[in-house]
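Worksheet: the structure to be examined is printed underneath.
Protein chains: 2
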Amino acid sequence: MPYYISGVTADHNDLVARQPKEFKEQNGIDVKRRHRALSLDTADHEVVIADLESGRESVVGYSKLLLTTGASAFMPPVEGTEAEGVYTLRRLSDSIRIKRFLSSATPRRAVIVGSGPIGIEMCESFRRLGLEVSMVELAGQVLPIVDEDVAGRVQGVLESEGVKCLLGQQMLGIREDGGLVRGVELDSGVIPADIVLVAVGVRPLSSLAADAGVELGERGAIKVDSQMRTSAPDVYAAGDCATTSDILTGEQVWMPLGSTARKQGRLAAEAMFGGESTFPGVQGTAVVKCFDHTVGRTGLDEAQAKKAGFDPVAVQVEAESLHSYYPGRGTMYLKMTSDRETGRLLGAQVVGELRSMAEKRLDIMAVAVSCGMSADEMQYVDLAYAPPYSTAVDVPAIAASLMHSRLQGTVCRCDTSGLD
Amino acid sequence: MPYYISGVTADHNDLVARQPKEFKEQNGIDVKRRHRALSLDTADHEVVIADLESGRESVVGYSKLLLTTGASAFMPPVEGTEAEGVYTLRRLSDSIRIKRFLSSATPRRAVIVGSGPIGIEMCESFRRLGLEVSMVELAGQVLPIVDEDVAGRVQGVLESEGVKCLLGQQMLGIREDGGLVRGVELDSGVIPADIVLVAVGVRPLSSLAADAGVELGERGAIKVDSQMRTSAPDVYAAGDCATTSDILTGEQVWMPLGSTARKQGRLAAEAMFGGESTFPGVQGTAVVKCFDHTVGRTGLDEAQAKKAGFDPVAVQVEAESLHSYYPGRGTMYLKMTSDRETGRLLGAQVVGELRSMAEKRLDIMAVAVSCGMSADEMQYVDLAYAPPYSTAVDVPAIAASLMHSRLQGTVCRCDTSGLD
Numbered sequence: 178m179p180y181y182i183s184g185v186t187a188d189h190n191d192l193v194a195r196q197p198k199e200f201k202e203q204n205g206i207d208v209k210r211r212h213r214a215l216s217l218d219t220a221d222h223e224v225v226i227a228d229l230e231s232g233r234e235s236v237v238g239y240s241k242l243l244l245t246t247g248a249s250a251f252m253p254p255v256e257g258t259e260a261e262g263v264y265t266l267r268r269l270s271d272s273i274r275i276k277r278f279l280s281s282a283t284p285r286r287a288v289i290v291g292s293g294p295i296g297i298e299m300c301e302s303f304r305r306l307g308l309e310v311s312m313v314e315l316a317g318q319v320l321p322i323v324d325e326d327v328a329g330r331v332q333g334v335l336e337s338e339g340v341k342c343l344l345g346q347q348m349l350g351i352r353e354d355g356g357l358v359r360g361v362e363l364d365s366g367v368i369p370a371d372i373v374l375v376a377v378g379v380r381p382l383s384s385l386a387a388d389a390g391v392e393l394g395e396r397g398a399i400k401v402d403s404q405m406r407t408s409a410p411d412v413y414a415a416g417d418c419a420t421t422s423d424i425l426t427g428e429q430v431w432m433p434l435g436s437t438a439r440k441q442g443r444l445a446a447e448a449m450f451g452g453e454s455t456f457p458g459v460q461g462t463a464v465v466k467c468f469d470h471t472v473g474r475t476g477l478d479e480a481q482a483k484k485a486g487f488d489p490v491a492v493q494v495e496a497e498s499l500h501s502y503y504p505g506r507g508t509m510y511l512k513m514t515s516d517r518e519t520g521r522l523l524g525a526q527v528v529g530e531l532r533s534m535a536e537k538r539l540d541i542m543a544v545a546v547s548c549g550m551s552a553d554e555m556q557y558v559d560l561a562y563a564p565p566y567s568t569a570v571d572v573p574a575i576a577a578s579l580m581h582s583r584l585q586g587t588v589c590r591c592d593t594s595g596l597d
Numbered sequence: 178m179p180y181y182i183s184g185v186t187a188d189h190n191d192l193v194a195r196q197p198k199e200f201k202e203q204n205g206i207d208v209k210r211r212h213r214a215l216s217l218d219t220a221d222h223e224v225v226i227a228d229l230e231s232g233r234e235s236v237v238g239y240s241k242l243l244l245t246t247g248a249s250a251f252m253p254p255v256e257g258t259e260a261e262g263v264y265t266l267r268r269l270s271d272s273i274r275i276k277r278f279l280s281s282a283t284p285r286r287a288v289i290v291g292s293g294p295i296g297i298e299m300c301e302s303f304r305r306l307g308l309e310v311s312m313v314e315l316a317g318q319v320l321p322i323v324d325e326d327v328a329g330r331v332q333g334v335l336e337s338e339g340v341k342c343l344l345g346q347q348m349l350g351i352r353e354d355g356g357l358v359r360g361v362e363l364d365s366g367v368i369p370a371d372i373v374l375v376a377v378g379v380r381p382l383s384s385l386a387a388d389a390g391v392e393l394g395e396r397g398a399i400k401v402d403s404q405m406r407t408s409a410p411d412v413y414a415a416g417d418c419a420t421t422s423d424i425l426t427g428e429q430v431w432m433p434l435g436s437t438a439r440k441q442g443r444l445a446a447e448a449m450f451g452g453e454s455t456f457p458g459v460q461g462t463a464v465v466k467c468f469d470h471t472v473g474r475t476g477l478d479e480a481q482a483k484k485a486g487f488d489p490v491a492v493q494v495e496a497e498s499l500h501s502y503y504p505g506r507g508t509m510y511l512k513m514t515s516d517r518e519t520g521r522l523l524g525a526q527v528v529g530e531l532r533s534m535a536e537k538r539l540d541i542m543a544v545a546v547s548c549g550m551s552a553d554e555m556q557y558v559d560l561a562y563a564p565p566y567s568t569a570v571d572v573p574a575i576a577a578s579l580m581h582s583r584l585q586g587t588v589c590r591c592d593t594s595g596l597d
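Chains as they are written, first to last, in my numbering: chain H, 178 to 597; chain D, 178 to 597.
Here's what the structure looks like:
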């Protein structure tokens with residue numbers, strides 16, 4: 178949606194993965210639009226639904242039920258958030274309203290509250306449209322899903338693109354005038370704003386399940402097992418409304434992401450028809466485009482690793498994506514974390530120029546972390562090398578060699594220049 | 178070097194990873210240029226070397242010896258290969274000679290013998306320079322390191338770029354006139370040529386070792402164990418002159434590649450100083466840029482898998498790299514092979530438009546194959562998703578789902594369009 182708002186994506190209809198009639202025609206699935214599920218009776222296997230057009234209620238029975246109610250954007254309970262020009266960005270209708278407001282009210286100064294992936298994507302969208310952009314973040318760094326050193330680099334990118342970063346600041350209220358937003362009240366004072374995007378996270382939509390006595394879990398999401406089964410018989414849940422587990426710590430977590438939702442949905446469908454696959458959980462992988470840079474993470478950061486009982490060791494590598502003789506290379510920074518005792522790879526974080534293809538190295542690390550690979554093993558993985566694609570020893574392997582040396586206590590000069 | 182020949186890389190000095198004086202200054206290593214090792218006495222731990230300038234011979238003792246003699250281009254023993262305009266491409270001097278010939282003799286018609294990665298890279302270089310290009314291949318398909326279906330797509334790319342592919346044809350001789358190449362004699366007749374590049378593979382330079390009684394292995398390369406030790410005490414070998422093992426089959430193989438050489442060199446250095454890491458072997462990963470496409474492979478193809486005792490099952494997916502609403506996507510074709518019994522991923526092959534970043538999916542598969550991941554597990558790996566980088570479920574996971582369904586015997590429509 179940030180790309181629709183900025184005009185990169187021209188038509189909002191392109192953002193709809195599948196239209197109701199496609200469900201019908203391709204899969205024989207009857208999609209009831211403008212209907213609300215009012216209540217759920219897990220004993221009698223029935224759902225009460227209301228047709229929002231006619232107001233008529235009806236009861237629908239089920240053999241198996243899948244709850245995919247999703248999540249909603251969180252709006253902090255402060256004064257003034259109903260003012261025109263204050264938005265969250267969760268539903269397609271949000272992006273259409275924002276885009277309309279941008280062309281009708283022609284705001285000049287944008288304030289983005291929250292510096293997660295959506296906040297960062299919206300910085301780029303607003304700057305692309307020529308707005309002044311200030312980003313407000315409660316934490317002492319931007320993008321709190323990455324470590325401070327990585328965040329510092331992200332902040333550098335944001336600032337070089339003209340984004341003002343206001344850290345350690347809470348949104349205390351919205352100032353308005355005649356129903357139209359005029360500013361955001363922070364701890365440090367009021368900053369003027371013609372449009373405000375609040376992107377401070379989402380909450381699971383689990384009240385239908387909770388009201389029916391279905392057990393909730395982490396952060397109020399619907400608790401599911403590895404086959405997406407809830408506590409109620411024949412009731413499954415998947416996607417942003419459901420919990421999952423962290424594959425590294427085994428702990429129950431709630432990490433709503435589109436990619437996870439797709440996988441859980443597929444697995445739930447299989448499980449409801451007797452499939453035996455299990456969802457292994459997630460590992461906190463995320464990536465975001467920040468102007469001409471890519472930022473991402475997978476696995477545990479140092480703090481999470483310590484909390485989970487590991488003894489984490491981190492190494493950092495700044496390297497070029499290609500040998501100097503081949504055009505188009507970019508610089509990337511890779512931080513890798515391993516467990517001191519076993520050498521097991523626990524996580525990685527990257528920041529790189531877009532053309533460095535840092536996301537490729539992130540996915541290499543994601544698979545390695547998922548498989549429990551050690552730094553010693555990562556050094557020698559047979560990755561695909563040709564000059565247009567990487568250096569002869571690719572960045573994850575360079576970092577792994579450095580890690581291995583550090584864990585062994587041997588001296589290692591990480592001379593990445595010599596790798597040319 | 179193909180990129181230097183085409184002008185993508187301007188200066189051949191940029192192709193030299195490290196100059197002799199850098200070895201001296203940075204590492205205290207004395208590089209003796211224009212010296213030849215004449216013989217090796219593994220009992221007395223001595224090497225006889227000759228200074229090629231003065232002709233003087235001397236004896237150098239060693240505590241540990243590392244043989245990194247590399248490989249040389251193979252020239253088939255047919256008539257006429259000494260003609261001017263006939264080249265192999267292995268050493269930097271080869272590329273300098275080819276480039277000089279291109280500008281002095283201004284050849285119009287190029288014939289490339291062999292359709293491996295170097296042959297394909299040189300097709301692009303010669304076309305870029307405006308030459309007519311014919312490629313001769315003994316096998317019935319181009320790029321014999323990939324399966325026939327993948328090769329068919331590669332051939333389509335080559336032909337659309339104006340390369341004439343002559344398959345099932347052997348070079349029987351070179352026709353010359355006054356010492357200058359005029360044509361290549363094939364089974365089907367003579368094709369005219371103003372320049373001929375012979376790229377039919379390399380052979381290990383192992384005679385120094387062999388003459389000293391050091392055991393040779395596969396394809397006449399120096400046999401080494403997982404710590405790069407040869408059969409002779411204190412003698413190690415690494416890189417293109419040495420064997421390695423296939424991590425999937427455990428068999429000794431010879432697969433000379435720059436990336437493998439770098440890793441073996443590093444490991445040998447560690448091992449010579451008491452390090453305990455072992456080289457796990459290779460899995461036949463390779464990638465090559467073919468004009469505006471990327472082609473690659475990792476692991477076992479179907480034939481190799483059968484030979485190794487697996488019961489391979491293959492699935493093919495043709496998919497877009499990004500959702501349709503985000504600009505810059507490309508199409509890629511991914512073929513994935515698993516073992517029927519265990520679901521273990523055995524290998525993958527890709528062909529994709531350059532902008533599809535097929536090499537990323539290849540490296541994801543390389544790590545997964547290396548770790549012994551199953552198709553069922555691959556479906557659910559937590560890869561990095563954001564619209565500028567991939568679809569919500571990335572191509573390897575789509576292929577893995579299809580594979581999983583096939584192995585389970587369940588019906589699966591691989592509706593990749595619905596993944597938008």
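Note that beta-carbon positions come from the ideal geometry of N, C-alpha and C, so glycine has one too.
Residue i, DSSP secondary structure in three states
i	result
D592 of chain H	In this predicted model, D592 of chain H has a pLDDT of only 48, less than 50, meaning its place in the structure is not dependable; the value taken from the coordinates is given anyway. Reduced to three states, the DSSP call for D592 of chain H is coil.
H222 of chain D	coil
D371 of chain H	coil
R305 of chain H	helix
K400 of chain D	coil
I289 of chain H	strand
G345 of chain D	coil
D271 of chain H	helix
G366 of chain H	strand
G329 of chain H	helix
D571 of chain D	coil
I322 of chain D	coil
R517 of chain H	coil
E336 of chain D	helix
D354 of chain H	strand
Residue burial classification, residue i (beta-carbon count within 10 angstroms, cutoff 16)
i	result
T283 of chain D	exposed
D478 of chain D	buried
D417 of chain H	buried
A569 of chain H	buried
F487 of chain D	buried
Residues that DSSP places opposite residue i in a beta bridge
i	result
K512 of chain H	H:Q493, H:Q526
A480 of chain D	Per DSSP, none; premise fails for A480 of chain D.
L584 of chain H	Its beta-bridge partners do not exist; DSSP assigns none.
Nearest-angstrom Cα separation, counted from residue j out to residue i
i	j	result
Q493 of chain H	I541 of chain D	22 Å
V185 of chain H	K466 of chain H	13 Å
G350 of chain D	S498 of chain H	42 Å
A525 of chain H	V572 of chain D	22 Å
I399 of chain H	A485 of chain H	23 Å
K512 of chain D	E362 of chain H	55 Å
P321 of chain D	E230 of chain D	42 Å
G427 of chain H	Q460 of chain H	10 Å
S582 of chain D	L444 of chain H	12 Å
V544 of chain D	G549 of chain H	11 Å
Y510 of chain D	E518 of chain D	25 Å
C591 of chain H	L192 of chain H	With a pLDDT of 48 at C591 of chain H, under the threshold of 50, the modelled position of this residue cannot be trusted; read the value that follows with caution. Cα-Cα distance, rounded: 45 Å.
I368 of chain D	A561 of chain H	35 Å
Proximity test, Cβ basis, 8 Å: residue i and chain C
i	result
F456 of chain D	Among the protein chains of the structure shown, namely H and D, there is no chain C.
*Run through the region 532-557 of chain D for me and flag every whole beta strand (DSSP E) of 3 or more residues, listed as ranges in chain order.*
Uninterrupted beta strand (DSSP E) stretches at least 3 residues long and entirely within the region 532-557 of chain D do not occur.
_Restricting to runs no shorter than 4 residues, where is the alpha helix (DSSP H) found entirely within the region 196-264 of chain H?_
Those alpha helix (DSSP H) runs which fall completely within the region 196-264 of chain H and span 4+ residues are 197-204.
_Segments assigned alpha helix (DSSP H), at least 4 residues, entirely inside the region 399-478 of chain H_ = Counting only runs of 4 or more, we get 435-449.
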